[in-house]
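S.K.: Numbering (the numbering used here), first residue to last: 959 to 1037.
If you scroll down you'll find the structure; I have some questions about it.
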């Protein structure tokens, strides 16, 4: 379970490399190399990877976009 989650986080974080701080980038590249070698991260390293992931990858909920897809009639009736 952990290795699949680890790979998924690494893949998603690749898009945010240019936004990372120097320390986060160093740690991320180290975790990326370890993942390529099919190594499981230890508990502390995995927690650091989770912290980096939560810092850079922001998941948006569907409710944030509902106002964009509402019909004009619905919005006019409310006003």
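Quick reminder that beta carbons are idealized off the backbone N, C-alpha and C, glycines included.
Would residue 986 be called buried (16 or more neighbouring beta carbons within 10 Å of its own) or exposed?
M.R.: It is buried - the Cβ of residue 986 has at least 16 other Cβ atoms within 10 Å.
S.K.: How close, in whole Å, do the beta carbons of residue 1015 and residue 974 come, if the pair is a contact with beta carbons under 8 angstroms?
M.R.: About 7 angstroms; that satisfies the 8 angstroms criterion.
S.K.: Would you report the Cα separation of residue 995 and residue 979, rounded to the nearest angstrom?
M.R.: Using only the alpha carbons, I get a separation of about 24 angstroms.
S.K.: Are the CB atoms of residue 982 and residue 1010 nearer to each other than 7 angstroms?
M.R.: Yes; because the gap between Cβ atoms is below 7 angstroms, this pair is in contact.
S.K.: Could you check if residue 1005 is buried or exposed, using at least 16 other CB atoms within 10 Å of its CB as the buried criterion?
M.R.: Residue 1005 comes out exposed.
S.K.: Starting from the C-beta of residue 967, find all residues in its chain whose C-beta is less than 7 angstroms away, skip the five residues before and the five after it, and write them out in chain order.
M.R.: Excluding positions up to five away in sequence, the list reads 1007, 1011.
S.K.: Could you name the residues of the same chain whose beta carbon sits closer than 8 angstroms to that of residue 1029, not counting the 5 residues immediately before and after it, in chain order?
M.R.: Excluding residues within five positions, none has a Cβ falling inside 8 angstroms.
S.K.: For residue 992, which residues from the same chain have a beta carbon less than 7 angstroms from its beta carbon, with the 5 sequence-adjacent residues on both sides left out?
M.R.: So the list reads 999, once near-sequence residues are dropped.
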